[in-house]
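Engineer: Once you've had a glance at the structure underneath, I'll fire off some questions.
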Amino acid sequence: MITPRFSCSQTADSVVVSIYCPSIRAADADINVDETLLTVHINPYFLRLNFSHPLLEDDASSANYDPSTGYLTVTLTKENKGQEFTDLDVLAKLLAPRPSVPAPIIEVLASTEVVSSTDVSPQEDLAEKTQKLSLDQERQEILKAAENDWQLPQEVPQPAFNISAQKHYGFLDMHSGYFKHVTHTENEVNELGGEAETCTLKERRQKRIKHEDEKWDEEYYMADFADDAYIQELLSWEHPHIAARADAFEYTEEENLKMLQLPRKEYLSTPTQTHDLYLILITILFSYAYESRTTQHDPTPESAWTICSLTPAFSALDPPKSSLSGFSTNLQEFTAQELVTTLVPSYRRSLAFPLYRSFILAEACRKDIARLLIAGKRVIVRCLLELKQILDHHEVYYVYSKIWLDDFCTWVLAYADDDVLSRLGKLLLELKVHKNALGWDVEGLEAATKECFERESDSDDESTDESSSE
Numbered sequence: 001m002i003t004p005r006f007s008c009s010q011t012a013d014s015v016v017v018s019i020y021c022p023s024i025r026a027a028d029a030d031i032n033v034d035e036t037l038l039t040v041h042i043n044p045y046f047l048r049l050n051f052s053h054p055l056l057e058d059d060a061s062s063a064n065y066d067p068s069t070g071y072l073t074v075t076l077t078k079e080n081k082g083q084e085f086t087d088l089d090v091l092a093k094l095l096a097p098r099p100s101v102p103a104p105i106i107e108v109l110a111s112t113e114v115v116s117s118t119d120v121s122p123q124e125d126l127a128e129k130t131q132k133l134s135l136d137q138e139r140q141e142i143l144k145a146a147e148n149d150w151q152l153p154q155e156v157p158q159p160a161f162n163i164s165a166q167k168h169y170g171f172l173d174m175h176s177g178y179f180k181h182v183t184h185t186e187n188e189v190n191e192l193g194g195e196a197e198t199c200t201l202k203e204r205r206q207k208r209i210k211h212e213d214e215k216w217d218e219e220y221y222m223a224d225f226a227d228d229a230y231i232q233e234l235l236s237w238e239h240p241h242i243a244a245r246a247d248a249f250e251y252t253e254e255e256n257l258k259m260l261q262l263p264r265k266e267y268l269s270t271p272t273q274t275h276d277l278y279l280i281l282i283t284i285l286f287s288y289a290y291e292s293r294t295t296q297h298d299p300t301p302e303s304a305w306t307i308c309s310l311t312p313a314f315s316a317l318d319p320p321k322s323s324l325s326g327f328s329t330n331l332q333e334f335t336a337q338e339l340v341t342t343l344v345p346s347y348r349r350s351l352a353f354p355l356y357r358s359f360i361l362a363e364a365c366r367k368d369i370a371r372l373l374i375a376g377k378r379v380i381v382r383c384l385l386e387l388k389q390i391l392d393h394h395e396v397y398y399v400y401s402k403i404w405l406d407d408f409c410t411w412v413l414a415y416a417d418d419d420v421l422s423r424l425g426k427l428l429l430e431l432k433v434h435k436n437a438l439g440w441d442v443e444g445l446e447a448a449t450k451e452c453f454e455r456e457s458d459s460d461d462e463s464t465d466e467s468s469s470e
């Protein structure tokens, strides 16, 4: 089935869905409304939309097809007239499946008959158990019981072993097998080598930290600290998504087409997993903020490499986990300690890998993340779509879009909470990431560079005085 292009609008009393389905027989259209769910089937097109509030199919509803334009216009009545339907322009959210209804939990509060366990004979207990067996199994069980003085044989349960060495990774650990032949590709950002499919999370983290320490170059950092003219230009730049007015936000047609191609899944994440997703989002947005600042929002052929290199969840398959000590016990809240722990790998990588290595540049990226989060999930999805655009067009790094960004775009639109994002952004604005948290002597290197400058300055002054006295 083909998902058609569509758009939604609303009036005070109704919702209007405009569907592009050229060259069809309008009489064959099958339109159904089930509370918040609308389904439209007309061969070869199928569309299922899940709205935020219930709709009705009454006398005021209609469906009209214009063969000259190829558009089918479906008008449905709001159950509560005057109610505002939100996110009608967020197509991926409308396409997301309706959340599953959890099975009811049945609790037995009382029983009309209470039988004491002392009143049940071994024979009666055996009969009760064997009733649940098939006829053949029942006969075999009775024979075994008779041979064993009418006591059912018991065996110690064997522990379950995972015989597969393959590990899962990516969004909610849903993916595997993408790096089976990684050694035969030109994946320069992969830090796990041929063990990408078998490394445990602990091993991934160890490899990541080791690689960062190996790439850390003190002289490179001191040189950028000493000559920071271009970095100062980068710091004065303001991201257009942050500067834009929130009330003027509207997705472009190209962005809507990209969202139509996103996976339509229901993500049944636990509270801990949801908490982790917000932390992972911070690290992805850090890479986005760095790449945007250093290219002035104009991607280059190196942008894909920069994004993947700066994101631990990409290059080392090592996302932040809230199970680390000191993390918040309230999964809807975030502590300063866990945010610092989350950001430290991004800071380290920004000082060890890319072209411009500056702590104050990393700090500017942190503030960019905070403002993007405060702007809300619509702006965040726009940023993620831009990252997808960059990675999808790379012949190797597209894999990170498949295992992370596709699902993240859908999840942010359908499940992320704007209130949580806003609180998280405000915390990041006030956060203090100290240089000594990086594990490198950044403060000592900066002090040595300043001292060297002062000596050169004093030497220049003395030479100037000597020349003037002559």
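UniProt numbering numbers the first residue of the sequence shown as 1 and each following residue consecutively.
Positions of the beta carbon are idealized from the N, C-alpha and C atoms, including for glycine.
1. Going along the chain, which residues of its own chain have a beta-carbon closer than 7 Å to the beta-carbon of Ala437, five neighbours each way excluded?
2. Label Ala103 either buried or exposed according to how many other C-beta atoms from any shown protein chain fall within 10 Å of its C-beta, with 16 as the threshold for buried.
3. Using C-beta distances below 6 Å, list every residue in its chain close to Ile24, excluding the 5 sequence neighbours before and after it, in chain order.
4. Report the residue ranges of all alpha helix (DSSP H) runs contained in full by the segment 161-222; include only those spanning at least 4 residues, in chain order.
5. Where does Phe453 land, buried or exposed, given buried means 16+ other C-beta within 10 angstroms?
6. Looking only at its chain, what residues have a beta carbon closer than 7 Å to the beta carbon of Trp411, apart from the 5 residues adjacent to it on each side?
7. Look up Ala63 in the DSSP assignment and give the residues it is bridged to.
8. For the alpha helix (DSSP H) that contains Ile369, what are its first and last residues?
9. Can you tell which of Gly444, Lys215, Ala336 has the C-alpha that lies nearest to the C-alpha of Glu430?
10. Pull up the DSSP beta-bridge partners for Val40, would you.
11. Less than 8 Å between C-beta atoms, sequence neighbours within five positions excluded: which residues of the same chain meet that for Leu55?
12. So is Tyr400 buried or exposed if we call it buried at 16+ other beta carbons inside 10 Å?
13. Our contact map puts Phe225 next to Ser358 with C-beta atoms below 8 Å; I'd like the distance itself, whole angstroms only.
14. Return yes when the Cβ of Lys202 is within less than 9 Å of the Cβ of Lys388, no when it is not.
15. Under the DSSP definition of a beta bridge, which residues are partnered with Tyr20?
16. Mapping DSSP to helix, strand and coil, what is Cys452?
17. According to DSSP, simplified to helix, strand and coil, what is Gln332?
18. Please confirm if the segment 347-356 is in contact with the segment 285-297, defined as three or more CB-CB distances below 8 Å between the two stretches.
19. At which residues does the alpha helix (DSSP H) containing Pro312 begin and terminate?
20. Need the endpoints of the alpha helix (DSSP H) that Ile403 sits in, please.
21. Does the beta-carbon distance from Ser303 to His239 come in below 9 Å?
22. Can you give me the start and stop residues for the alpha helix (DSSP H) that Ala92 sits inside?
23. Note down, in chain order, each residue of its chain lying with its Cβ closer than 7 Å to the Cβ of Leu172, except the 5 sequence neighbours on either side.
24. Of the residues Leu421, Asp441, Cys21, which one's Cα is nearest the Cα of Asp66?
25. In the DSSP output, what is Ser14 paired with across the bridge?
26. Pick helix, strand or coil for Leu55, following the three-state DSSP scheme.
27. Measuring CA to CA, which of Phe408, Ala414, Glu214, Gln261 is closest to Ile282?
28. Output yes or no for whether 9 Å exceeds the beta carbon distance between Ile2 and Val74.
29. What residues in its chain sit with their C-beta under 7 Å from that of Trp440, if we drop five residues either side in the sequence?
30. Looking at the unbroken alpha helix (DSSP H) that takes in Thr294, where does it start and where does it end?
31. Taking Leu355 as the reference, which of Glu186, His393, Val90, Leu310 has the closest Cα?
32. Verify whether the separation of the beta carbon atoms of Asn50 and Leu88 is less than 9 Å.
Structural biologist: From the atom records:
1. Excluding five sequence positions before and after Ala437, the CB atoms of its chain that fall closer than 7 Å to its own CB belong to Val340, Val344, given in chain order.
2. Any reading at Ala103 is ruled out, since the residue's pLDDT is 46, under 50, leaving its predicted position unreliable.
3. Shown here for Ile24: same chain residues with a beta carbon closer than 6 Å to its own, the five before and five after excluded, namely Ile42 in chain order.
4. Within the segment 161-222, the complete alpha helix (DSSP H) runs of at least 4 residues fall at 201-215.
5. Residue environment analysis places Phe453 among the exposed positions, since fewer than 16 neighbouring C-beta atoms fall within 10 angstroms of its C-beta.
6. Answer for Trp411: Tyr267, Leu277, listed in chain order.
7. DSSP output for Ala63 lists Val74 as bridge partner(s).
8. Unbroken alpha helix (DSSP H) run through Ile369: 359-375.
9. Scanning Gly444, Lys215, Ala336 for the CA closest to the CA of Glu430 turns up Ala336.
10. Its beta-bridge partners are Ile31, Leu47.
11. Counting only Cβ-Cβ distances below 8 Å, and skipping sequence neighbours, we find Val15, Val33, Glu35, Thr36, Leu38, Leu76, Thr77, Lys78, Glu79.
12. Label assigned to Tyr400: buried.
13. Distance from Phe225 to Ser358 at the Cβ level is roughly 7 Å; contact confirmed, criterion being Cβ atoms closer than 8 Å.
14. It is not a contact, given that the beta carbons lie outside the stated cut-off.
15. Note: Tyr20 sits in a beta bridge opposite Arg5, Tyr71.
16. Of the three classes helix, strand and coil, the one that applies to Cys452 here is helix, per DSSP.
17. It is coil, neither helix nor strand.
18. Flag = yes, the segment 347-356 and the segment 285-297 touch.
19. In the DSSP assignment, Pro312 falls within the alpha helix (DSSP H) that extends over 312-315.
20. Per DSSP, Ile403 lies in no alpha helix (DSSP H) and is assigned neither H nor E.
21. Taking 9 Å as the Cβ cut-off, Ser303 and His239 do not qualify as a contacting pair.
22. For Ala92, the uninterrupted alpha helix (DSSP H) segment begins and ends at 91-95.
23. Within the same chain, Leu172 has close Cβ partners Tyr267, Ser269, Gln273.
24. Distances from the alpha-carbon of Asp66 to those of Leu421, Asp441, Cys21 put Cys21 closest.
25. DSSP lists Thr77 as partners of Ser14.
26. Looking at Leu55 - three-state DSSP - the assignment turns out to be strand.
27. Checking every option, the nearest Cα to that of Ile282 belongs to Phe408.
28. Result no, Cβ atoms of Ile2 and Val74 do not sit closer than 9 Å.
29. So the list reads Trp216, once near-sequence residues are dropped.
30. Boundaries of the alpha helix (DSSP H) around Thr294: 271-295.
31. When only C-alpha atoms are compared, the closest one is Leu310.
32. No, these two residues do not count as a Cβ contact at 9 Å.
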